[in-house]
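Protein chains in written order, with the numbering used here: chain X, 489 to 693; chain A, 9 to 57. Here a beta-carbon is modelled for each residue, glycine too, at the ideal position from N, C-alpha and C. Since this is a predicted model, take the numbers as computed values, not measurements. Structure first, commentary second.
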Amino acid sequence: MDYVGSRFPDFGPPGPPGRELTSAKVVVAGGFGVGKSTFIRSIVENDLLTMTALPPERAGLVTELVRIQFGRVWLDPGLALHLFVAPQWQDPRAGWNDVVRGAVGAVVLFDVMRPADSVDAMRYFEDHHIPYVLALNNVHASVRSDVKAIIHGMGISPEVPVVNCDPRVRLSVRETLISLAEHAKLDRWRRRPGPDETTPLAPVC
Amino acid sequence: MRLPLGVVKVLLGDMAERGLVDVHQTASAGGDTPDLGLMERVLSGLRRL
Numbered sequence: 489m490d491y492v493g494s495r496f497p498d499f500g501p502p503g504p505p506g507r508e509l510t511s512a513k514v515v516v517a518g519g520f521g522v523g524k525s526t527f528i529r530s531i532v533e534n535d536l537l538t539m540t541a542l543p544p545e546r547a548g549l550v551t552e553l554v555r556i557q558f559g560r561v562w563l564d565p566g567l568a569l570h571l572f573v574a575p576q577w578q579d580p581r582a583g584w585n586d587v588v589r590g591a592v593g594a595v596v597l598f599d600v601m602r603p604a605d606s607v608d609a610m611r612y613f614e615d616h617h618i619p620y621v622l623a624l625n626n627v628h629a630s631v632r633s634d635v636k637a638i639i640h641g642m643g644i645s646p647e648v649p650v651v652n653c654d655p656r657v658r659l660s661v662r663e664t665l666i667s668l669a670e671h672a673k674l675d676r677w678r679r680r681p682g683p684d685e686t687t688p689l690a691p692v693c
Numbered sequence: 009m010r011l012p013l014g015v016v017k018v019l020l021g022d023m024a025e026r027g028l029v030d031v032h033q034t035a036s037a038g039g040d041t042p043d044l045g046l047m048e049r050v051l052s053g054l055r056r057l
């Protein structure tokens, strides 16, 4: 999915005109009401935008559009990070492949009251080899280790970082995204092509 | 923003040809996975936020 720059005065790049601009993408997934939009609003510069997409499997039915929310934050004058709200998993119109294509990684927000959607999302990212972090929202410290044990018991890789996150707090969101970026970088490093692929050296983080 | 994505893609393709919009390079222009250099840039940028 390519991004197209606009010249809207309230949503334009901060860098000098003519500079090469690059986009990176992060997908935020999880159950209904778990705080996906809140998470993104806490870190982006403007309110979320809504993109309407035709789900590929039902492209003939114009009435069945998928609305995808996203926001943008500039990480440096030439690099924009786009954060996308993953469509609800149980929505049969959801075309996740388009949303996650090319993503740096994903954040799966997890609320113990609604675990099913988050687990589906985790399985999706595992199956598609997309690095992700599990962000526990509203999980009391006393049960965090139990939650982690249950999640790992479901076959989720123990390498997946599990962090605590309050989607309303910018600093918490930032920390979660840093965890994701570190994990994704390590994952990418392990998968890098070339003859050094099997050399068990620790990456420089 | 109220048009189907497929229509928007065609419109933007025509607009990009005429220089009316700038199309940015994506993180994954060469494939489905961003490269390590970009990962490092994202990480550094997040730490500066």
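Asked: C-beta contact flag for I638(X) and E614(X) at 9 Å; Found: no
Asked: Partners in chain X for R55(A), counting only beta-carbon separations shorter than 7 Å; Found: I666
Asked: Per DSSP, cross-strand counterpart(s) of K466(X); Found: There is simply no residue 466(X) to check, as chain X begins at 489 and stops at 693 in what is shown.
Asked: The region 507-525 of chain X contacting the region 599-615 of chain X, beta-carbon criterion three pairs below 8 Å; Found: yes
Asked: Inter-residue spacing [alpha-carbon to alpha-carbon] between G38(A) and L20(A); Found: The predicted position of G38(A) is uncertain, since its pLDDT is 44 and thus under 50; a value taken from the coordinates is nonetheless stated next. Computed Cα separation, rounded: 21 Å.
Asked: Within chain X, the residues that E48(A) reaches when beta carbons sit closer than 7 Å; Found: K673
Asked: Chain A within 9 Å of A623(X), Cβ atoms only; Found: no
Asked: Cβ-Cβ distance between S511(X) and L567(X) below 9 Å; Found: yes
Asked: D15(A) classed as buried or exposed, judged by whether at least 16 other C-beta atoms fall within 10 angstroms; Found: The question names Asp, yet the displayed sequence has Val at residue 15(A). The residue in question, V15(A), is exposed, as its Cβ has fewer than 16 Cβ neighbours within 10 Å.
Asked: Near-chain A residues of the region 509-538 of chain X (beta-carbon distance less than 8 Å), N- to C-terminal order; Found: L509, T510, S511, A512, K513, I531, L537, T538
Asked: Beta-carbon spacing of V50(A), V592(X) below 9 Å; Found: yes
Asked: Collapsed DSSP secondary structure at F520(X) in the structure displayed; Found: coil
Asked: Residue-level contact to chain X via CB, D43(A), 9 Å cutoff; Found: yes
Asked: Cβ-based neighbour list, G662(X), same chain, cut-off 7 Å, excluding 5 preceding and 5 following; Found: Checking the displayed sequence, the identity of residue 662(X) turns out to be Arg instead of Gly. Excluding residues within five positions, the ones whose Cβ falls inside 7 Å are I531.
Asked: Where the beta strand (DSSP E) containing R555(X) begins and where it ends; Found: 554-564
Asked: CB-CB length for P646(X) against N625(X), believed under 8 Å; Found: The Cβ separation is near 21 Å, so there is no contact.
Asked: Residues that R680(X) contacts on chain A, provided the C-beta gap is smaller than 7 Å; Found: L44
Asked: Beta bridge counterpart(s) of T540(X) as assigned by DSSP; Found: R555(X)
Asked: For G593(X), the three-state DSSP class (helix, strand or coil); Found: strand
Asked: Cβ of L563(X) within 9 Å of any chain A Cβ; Found: yes
Asked: Check whether A609(X) and A594(X) have beta carbons under 9 Å apart; Found: yes
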